[in-house]
Structure formats: structure tokens, C-alpha cells
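Sequence positions in the sequence shown follow the working numbering and run 395 to 496.
Cβ atoms here follow ideal geometry from the backbone N, Cα and C, with glycine treated the same way.
Since we're looking at a predicted model, the values are computed, not measured.
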Amino acid sequence: MVVALQECDNKYHSDNEKVVALSTGWYNHGSRCLKNIRINANGRSVLAKVVDECDSVNGCDYDHDYQPPCHNNIVDASPAVWKALEIPKADIGEYHITWSEA
């Protein structure tokens with residue numbers, strides 16, 4: 395996750411915080427901002443706070459490194475989330491997960 399001011403709280407978040415950005419549809423115009431979601435993967439479960447949108451339509455602005463649009467149905471997780479799920483480093487990036495509102 396690129397370190398930038400996040401849409402939901404206009405703050406910076408470290409890689410040690412369990413935070414996520416949701417793709418545009420799941421972000422739902424900010425209705426999930428600052429709410430926790432439960433992420434399940436690798437036989438483990440972790441709570442993470444929604445702090446940003448991973449724009450599936452327009453891509454990202456300067457503060458977000460001009461990244462291209464995210465795919466639909468994406469949870470862009472911080473390194474702390476991957477670590478808590480004990481995902482092998484070689485698999486970090488794209489990994490099948492399920493999630494629900496906590």
C-alpha cells in the first residue's frame with residue numbers, strides 16, 4: 395500500500411497498522427470508512443480498518459503514485475494484515491481472501 399493521506403481520515407498510516415483500501419464498489423461512496431472488516435485467508439482471520447478507496451474507475455492521483463485503476467473486488471491490505479494472516483512473502487500481492495463486515 396502506498397503511504398499517502400488516506401481518503402477516510404486524511405491521515406498517514408504505517409505499514410504496522412492493520413488497514414485496507416477497498417475497490418470502488420465495496421468502498422461504496424465511503425460508507426465503510428473507518429469501519430473494521432474481517433479478512434479470512436490461509437486458515438486465519440484478522441480485523442482491519444477501512445481507510446481508503448482503491449479507485450476502480452479513475453486510478454490514483456499524485457498522492458497515490460498515479461497507480462492505474464484497481465480491479466473490481468480488491469482489498470488492498472497493509473503489510474501488517476499480510477503478516478497477521480501469515481501469508482508467505484512470495485504470495486503477497488494477490489491472494490484469495492474472503493471478507494465481511496465486522
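* Asked: Can the beta-carbon of CYS464 be found closer than 9 angstroms to that of SER425?
  -> Position 70 of the sequence shown holds residue 464. Position 31 of the sequence shown holds residue 425. Against a cut-off of 9 angstroms, the Cβ pair of SER425 and CYS464 comes out as no contact.
* Which of helix, strand or coil DSSP assigns to ASP403 -> The residue you call residue 403 lines up with position 9 of the sequence shown. Coil at ASP403, not helix or strand.
* Sequence-distant residues of the same chain with beta carbon closer than 7 angstroms to ASP403, five excluded per side -> On the sequence shown, residue 403 is found 9 positions in, with the first residue counted as 1. Cβ-Cβ distances below 7 angstroms link ASP403 to LEU428 and VAL445 in the same chain, with the five nearest sequence neighbours on each side left out; the list follows chain order.
* Reducing DSSP to helix, strand and coil, say where ASP485 ends up. => Residue 485 sits at position 91 when you count from the first residue of the sequence shown. Residue state, collapsed to three classes: helix.
* To which residues of the same chain is GLU421 closer than 6 angstroms at the C-beta, ignoring the five residues directly before and after it? -> Within the sequence shown, the letter at position 27 stands for residue 421. One point to set straight first is that residue 421 is Tyr, not Glu, in the sequence displayed. Within the same chain, TYR421 has close Cβ partners GLU447.
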